[in-house]
Structure formats: structure tokens, C-alpha cells
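**Student:**
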Amino acid sequence: MKKHNFTAGPCILNDLVLKDAASACLNFAGTGLSLLEVSHRDKEFDGVMIEARNLFKELLDVPEGYEVLFLGGGASLQFYQVPLNLLKKKAAFINTGTWATNAIKQARIMTQVYGGEVEVLASSEDKNFSYIPKDFVIPEDADYFHFTSNNTIFGTEIRKDFDTKTRLVADMSSDIFSRPVDVSKYDLIYGGAQKNIGPAGATFVLVKADVLGQVERPLPDMLNYQIHIKKDSMFNTPPVFPVYVALQTMKWYKELGGVKVLEKMNLDKAAVLYDAIDSSKLFRGTVATEDRSIMNVCFVMKDEYKELEKEFATFAASRGMVGIKGHRSVGGFRASLYNAMPIESVRALVSVMKEFEAKH
Ligand SMILES: Cc1ncc(COP(=O)(O)O)c(C=O)c1O
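For the sequence shown, my numbering begins at 2 and goes up steadily by one.
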């Protein structure tokens, strides 16, 4: 039976990309060696790194003056590394979920050691992060304003680049390449690769080079963006395999027509599922309609049908639906519709929901 992979991350990758990656694991770029056996200093892998950097910039239409890095440590290390490198006096945050909470926590740890202020402008924790706070003013005296553009766990998304004089920093782990971004407003965009880019193990960082080198605190080499830029993401051994798969994924995005095309595909997919939820007798969405994520669709059974949740989970699994269990902090279901998810799988999920509904 065909499996439909709705997992939140690591998650679905495109079949052609996987086939290419599998073949490179046996014979990489005609070297007769596995991608996993060659030195990252070899010219073949160097070519991969250069192309990955360039394609990343091309897809997001990145203006001059920005650098792309592929590092280790996950988005979670960026929660500390970003303020360590960028926060001089103050950084402002909104708290829209677990990952934003973690980013705030790590920034605070940094300021406890080195000084500086962390200001939380607004939070939606009062309603279990089921909406994006709107009632806040981004301070102009902040070095930057940090937000999580897509809240993977709670299924809310900020699909815009804020209109403010303050420089933006965003965690785009789970919606990078899902829409065009006005990069010129950002000092830094980061994320784990394991949703819209490739397998787990690489972290992407897009940073405006001239904002670096302005803090006085000592930076450990591994946490110093300038060192990684100088060494072309090869200061230490880079995550070779994830970077290779990221490159193949980005090539596929380019072939499809780029992020505008991907955005249209993503909007269409999300509409199919949200329409089914909104017209359902059994299911309901968990977040404010205007803040719904097009990447992670969260839904639960209506109160009067709550006891059917387990049965639906088993039924959906028997029809090949994988990874639709909601995160424990929300419950119910979450279907992740990342770039590589075909609309046919979304339609398959909807027909399983309708079939189940017809039985009850
Ligand atoms: C939005 C967001 N930020 C950060 C993280 C943490 O990423 P990592 O596991 O790469 O540290 C995740 C992981 O799911 C995420 O979804």
C-alpha cells in the first residue's frame, strides 16, 4: 500500500531527490567512491557546497551582501548563536510557541552572561499558542526583532515580512522556500534543514555580512559566523550528506519554477485540507483561521466526538496515512504539508476523513 507521509520533521523528501541521494551514496559524481567516503575538501564536494550556496541565494532572490552557511547544531544552537553574534543592547521577540519560547530562553542565557536585554513584546501562550499576537509594537531601538515564521507544533504561521525599520531575524525551520521572502528586511534567517530542505543534520543560516563583528564579547570559533563565512562553511567537517541532499532538493525547486510556484502549490494543498476540516461534522481546526499554517495543519475531533480520535488514528494508519498524530502539547492530529508533499496525498487524507465520517 502507498504510504502518505505527513510527518512533521524529519519528513517527506521528493522521490527523485532520494533516488539521486541513494545513487550518490554508491558512486558520487563519477568518482567511484561513495559520497559518504570522500573528503569534504575534494573538489567534487567543494562544488556541491558552492552550488548549494548559490542556489539558496537564487531561489530566495537574495540581494548582495548576504552569506549562506550550512552548519551543524540544528536550529536549537542558533537560538544561542544568533544573540551571541548580533545582540548589542536589545533584541525583541514575540512568543508564538515552543520554539519561540526556546529562542527567548537561550537569548536570556546569553544576556545573563554578557549583558543586553531581551524584550518579549507579546505572547499567545494564554491560549496555548493558537493564534499569532497582533497587538504589539516593534521597538525601533532593538538591534533586531526575532520571530518564528511557522510554528510547527501549533500550526500557526506568519506569512509576511514585517513592515518595520527594525531589522528582522527569523527562524524559518519549517517554512523556508514555501513562499517568496523579502530578504532585504532581514539581518538573519536560520533553520534546521529537516523540513523543506533535506534530511536532519544541517542548519542553514542566511546572514547579512555587515552586521557581523560588531559585538565586543569573545566568540568561540564554532559560534562565530565570520569564521564560518571565511572558511566557506568548512571550518570544521560540514554535514556532507545533508548538504548534498539539500542541493538536490533546491535543484528540484528550481525545475518546478521556484518559490512562487511552490507557494501556489502549498496554498492549494492547504486549502484542500482546511476546506475538508471546515465542512466536517467530526473535525475542527485548532487555531485562529487567519493565522493558519500552510505547512502544518492541526485539527482535532469536535468535543462531542472526542472518543473517536483513537479510532480515526487507527483507521487512517490502515489506509496508509503516516505521521498524523498531533504533538502532545496540542493533541489530535497534525498533517504536515511541506513542499515535497504531493496534493494527491492531501486528497487521499481528505477521502480517508470523509470515509470515516460517513461511518459515524
Ligand atoms: C520552527 C522550529 N524551530 C526550531 C526547531 C528545532 O530544530 P532543531 O531540531 O534543528 O534544533 C524546530 C524543530 O522542529 C522547528 O520546527
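In this text, a Cβ means the ideal position worked out from N, Cα and C, and glycines have one as well.
How many Å lie between residue 136 and residue 123 at the Cα?
**Tutor:** The residue labelled residue 136 in the question sits at position 135 within the sequence shown. The residue labelled residue 123 in the question sits at position 122 within the sequence shown. So the two alpha carbons sit approximately 7 Å from each other.
**Student:** Could you check the C-alpha separation between residue 258 and residue 350 for me, to the nearest Å?
**Tutor:** Counting from one through the sequence shown, the residue named residue 258 turns up at place 257. Counting from one through the sequence shown, the residue named residue 350 turns up at place 349. Taking the straight line from one Cα to the other gives about 26 Å.
**Student:** For residue 290, is the classification buried or exposed, using 16 other Cβ atoms within 10 angstroms of its Cβ as the cut-off for buried?
**Tutor:** Walking along the sequence shown from the start, residue 290 turns up at place 289. Exposed, by the Cβ-count rule.
**Student:** Go to residue 354, then tell me how far its alpha helix (DSSP H) extends in each direction, as first and last residue.
**Tutor:** As a working note, residue 354 is residue 353 in the sequence shown. Unbroken alpha helix (DSSP H) run through residue 354: 344–360.
**Student:** Count Cβ pairs between the segment 102–118 and the segment 180–200 that sit closer than 8 Å; are there 3 or more?
**Tutor:** Output reads no: the segment 180–200 does not touch the segment 102–118.
**Student:** Taking only the alpha-carbon atoms, compute the straight-line gap between residue 304 and residue 322 and give it to the nearest angstrom.
**Tutor:** Here the question's residue 304 lines up with position 303 in the sequence shown. Here the question's residue 322 lines up with position 321 in the sequence shown. Cα to Cα, the separation comes out at about 23 Å.
**Student:** Runs of 4 residues minimum, wholly inside the segment 30–80: which ones carry the alpha helix (DSSP H) assignment?
**Tutor:** For the segment 30–80, whole alpha helix (DSSP H) runs of length 4 or above, ordered along the chain, are 44–60.
**Student:** Within 10 angstroms of the Cβ of residue 133, are there 16 or more other Cβ atoms? Answer buried if so, exposed if not.
**Tutor:** Your numbering for residue 133 matches position 132 in the sequence shown. Residue 133 comes out buried.
**Student:** In three-state DSSP terms, what is residue 109?
**Tutor:** Along the sequence shown, one-based indexing puts residue 109 at 108. In this structure, residue 109 counts as helix in the three-state DSSP scheme.
**Student:** Please tell me whether, using a cut-off of 7 Å, the distance from the CB of residue 292 to the nearest non-hydrogen atom of ligand 1 is below it.
**Tutor:** The sequence position of residue 292 within the sequence shown is 291, counting from 1. Flag unset: Cβ of residue 292 not near ligand 1.
**Student:** Is residue 13 helix, strand or coil by DSSP?
**Tutor:** As a working mapping, residue 13 is identified with position 12 in the sequence shown. Coil.
**Student:** Here's the rule I'm using: 16 or more other beta-carbon atoms within 10 Å means buried, otherwise exposed. How should residue 68 be labelled?
**Tutor:** To locate residue 68, count along the sequence shown from 1; it is residue 67. Buried, because 16 or more other Cβ atoms sit within 10 Å of the Cβ of residue 68.
**Student:** Please tell me whether, using a cut-off of 7 Å, the distance from the CB of residue 327 to the nearest non-hydrogen atom of ligand 1 is below it.
**Tutor:** The count along the sequence shown starts at 1 and reaches residue 327 at position 326. Every heavy atom of ligand 1 is 7 Å or more from the Cβ of residue 327, so no.
**Student:** Check residue 225 in the structure and name its three-state DSSP category.
**Tutor:** Your numbering for residue 225 matches position 224 in the sequence shown. Residue state, collapsed to three classes: coil.
**Student:** Report buried or exposed for residue 173, applying the criterion of at least 16 other Cβ atoms within 10 angstroms of its Cβ.
**Tutor:** Here residue 173 corresponds to residue number 172 of the sequence shown, with the count starting at 1. Buried: at least 16 other Cβ atoms inside 10 Å.
**Student:** Is it buried or exposed for residue 354, if we count other Cβ within 10 angstroms and need 16 for buried?
**Tutor:** Residue mapping note: residue 354 aligns to position 353 of the sequence shown, counting from 1. Buried, by the Cβ-count rule.
**Student:** Could you pull out every residue in the same chain whose Cβ sits closer than 6 Å to the Cβ of residue 82, ignoring the five residues on either side in sequence?
**Tutor:** Looking up residue 82 in the sequence shown gives position 81. The answer, listed in chain order, is 224.
**Student:** CB-CB under 8 Å to residue 362, same chain, minus the five flanking residues each way: which ones, in chain order?
**Tutor:** Given a span of 2 to 361 for the chain in the structure shown, any question on residue 362 remains unanswerable.
**Student:** List the residues that DSSP assigns as beta-bridge partners of residue 147.
**Tutor:** As a position in the sequence shown, residue 147 is number 146, starting the count at 1. Residue 147 pairs with 94, 170.
**Student:** So does residue 76 have its beta carbon nearer than 7 Å to some heavy atom of ligand 1?
**Tutor:** The residue given as residue 76 occupies position 75 in the sequence shown. Checking the Cβ of residue 76 against ligand 1 gives yes.
**Student:** Less than 6 Å between C-beta atoms, sequence neighbours within five positions excluded: which residues of the same chain meet that for residue 243?
**Tutor:** Taking the first residue of the sequence shown as 1, we reach residue 243 at position 242. Within the same chain, residue 243 has close Cβ partners 194, 199, 200, 202, 203.
**Student:** CB residue 334 to CB residue 288, shorter than 8 Å?
**Tutor:** On the sequence shown, residue 334 is found 333 positions in, with the first residue counted as 1. On the sequence shown, residue 288 is found 287 positions in, with the first residue counted as 1. Against a cut-off of 8 Å, the Cβ pair of residue 288 and residue 334 comes out as no contact.
**Student:** Alpha carbon to alpha carbon, how far is residue 218 from residue 95? Give it in angstroms, no decimals.
**Tutor:** To locate residue 95, count along the sequence shown from 1; it is residue 94. To locate residue 218, count along the sequence shown from 1; it is residue 217. The alpha-carbon atoms of residue 95 and residue 218 are separated by roughly 25 Å.
**Student:** Rounded to a whole number of angstroms, what is the C-alpha to C-alpha distance between residue 79 and residue 359?
**Tutor:** Within the sequence shown, the letter at position 78 stands for residue 79. Within the sequence shown, the letter at position 358 stands for residue 359. Going from the Cα of residue 79 to the Cα of residue 359 covers about 47 Å.
**Student:** Among the candidates 340, 58, 213, whose CA atom is the shortest distance from the CA of residue 266?
**Tutor:** Stepping through the sequence shown from its first residue, residue 266 is reached at position 265. Per the Cα distances, 340.
**Student:** Suppose you measure from the CA of residue 149 to the CA of residue 207; what does that come to, to the nearest Å?
**Tutor:** Position 148 of the sequence shown, counted from the start, is the residue given in the question as residue 149. Position 206 of the sequence shown, counted from the start, is the residue given in the question as residue 207. Spanning the two alpha carbons is a distance of roughly 15 Å.
**Student:** Taking the beta strand (DSSP E) that residue 204 falls in, what are its first and last residues?
**Tutor:** By 1-based counting over the sequence shown, the position of residue 204 is 203. Its beta strand (DSSP E) spans residues 204–209.
**Student:** Whole angstroms are fine: how far does the CA of residue 141 sit from the CA of residue 330?
**Tutor:** Position 329 of the sequence shown holds residue 330. Position 140 of the sequence shown holds residue 141. Distance between the alpha carbons of residue 330 and residue 141: 34 Å.
**Student:** Let me make sure I understand the geometry here. Which of 63, 71, 33, 35 has the alpha-carbon closest to that of residue 51?
**Tutor:** As a position in the sequence shown, residue 51 is number 50, starting the count at 1. For residue 51, the nearest C-alpha among the options comes from 71.
**Student:** Can you check which of these residues, 215, 159, 285, 66, is closest to residue 184 by C-alpha distance?
**Tutor:** Here residue 184 is taken as the residue at index 183 of the sequence shown, counted from 1. Of the listed residues, the one whose Cα sits closest to residue 184 is 66.
**Student:** Hey, which unbroken runs of the beta strand (DSSP E) at 3 residues or more fall wholly within the segment 291–316?
**Tutor:** If we require 3 residues or more, the beta strand (DSSP E) runs fully inside the segment 291–316 come out as 297–302.
**Student:** Assign residue 362 to buried or exposed, taking buried as 16 or more other Cβ atoms, counted over all protein chains shown, within 10 Å of its Cβ.
**Tutor:** Nothing about residue 362 can be reported from this structure: the residues present for the chain run from 2 to 361 only.
**Student:** Kindly indicate which three-state DSSP category residue 6 falls into: helix, strand or coil?
**Tutor:** Against the sequence shown, residue 6 aligns to sequence position 5. Of the three classes helix, strand and coil, the one that applies to residue 6 here is strand, per DSSP.
**Student:** Let me know the secondary structure DSSP gives residue 132 once reduced to three states.
**Tutor:** Start at 1 with the first residue of the sequence shown, and residue 132 comes out as number 131. In the structure shown, residue 132 sits in coil (DSSP, three-state: anything other than H, G, I, E or B).
**Student:** So, helix, strand or coil for residue 372, using DSSP?
**Tutor:** Within the shown structure, residues of the chain are numbered from 2 to 361, placing residue 372 beyond reach of any answer.
**Student:** For residue 234, does the three-state DSSP call read helix, strand or coil?
**Tutor:** As a position in the sequence shown, residue 234 is number 233, starting the count at 1. Residue 234 falls in the coil class under three-state DSSP.
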